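Let me begin by presenting the structure, written as structure tokens, before commenting on it.
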């Protein structure tokens with residue numbers, strides 16, 4: 068359930084970034100494709116549509132994605148996508164066959180580059196010097 072929710076949230080974040088983040092939009096230039104993230108058994112899957120500098124997503128598989136990243140199971144997929152060092156987690160998963168890539172590996176690298184634009188922005192701390200959260 069967590070993995071399914073994470074994929075849905077990833078779709079929302081990418082859709083929002085494709086509407087409002089110029090740096091993210093630049094990464095979408097000349098890209099019209101579908102990719103998907105899923106479990107190996109296909110029970111949890113979501114595909115992402117990149118078209119006209121916008122990203123949308125739908126639950127389920129797509130018949131011909133440009134690439135698919137399949138995780139051995141939902142728990143592993145969730146852990147990998149939430150890992151502190153995602154690149155290392157992906158590399159280890161590919162080496163031990165816990166992650167399988169189908170399709171164009173260059174596009175997988177492109178997707179991994181996209182995710183750096185999705186990190187939440189931290190708000191500046193508005194407390195004055197020496198004030199704690201409980202001060203008030």
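Residue numbers (our numbering): 68 to 203.
From the three backbone atoms N, C-alpha and C, an ideal C-beta is built for every residue, glycine too.
None of these values were measured; they are calculated from a predicted model.
Residue nearest to residue i in terms of C-alpha spacing, selected from the options
i	options	result
residue 106	135, 173, 179, 178	135
residue 26	75, 166, 157, 101	The first residue shown for the chain is 68 and the last is 203, placing residue 26 beyond what the model contains.
residue 170	116, 102, 98	102
Residue i versus residue j - alpha carbon distance
i	j	result
residue 96	residue 118	9 angstroms
residue 153	residue 129	25 angstroms
residue 120	residue 71	25 angstroms
residue 77	residue 141	15 angstroms
residue 147	residue 139	11 angstroms
DSSP three-state assignment for residue i, whether helix, strand or coil
i	result
residue 118	strand
residue 103	strand
Same chain, Cβ closer than 6 angstroms to residue i, neighbours up to 5 away in sequence not counted
i	result
residue 208	Because the chain in this structure spans residues 68 to 203, residue 208 falls outside the shown range and cannot be described.
Neighbourhood of residue i by C-beta distance below 7 angstroms, restricted to the same chain and skipping five residues each side
i	result
residue 73	145, 148
Using 8 angstroms as the cut-off, can you tell me whether the stretch 81-89 makes contact with the stretch 114-133, which would need three or more C-beta pairs spanning the two stretches below that distance?
Between the stretch 81-89 and the stretch 114-133 there are three or more C-beta pairs closer than 8 angstroms, enough to call the two in contact.
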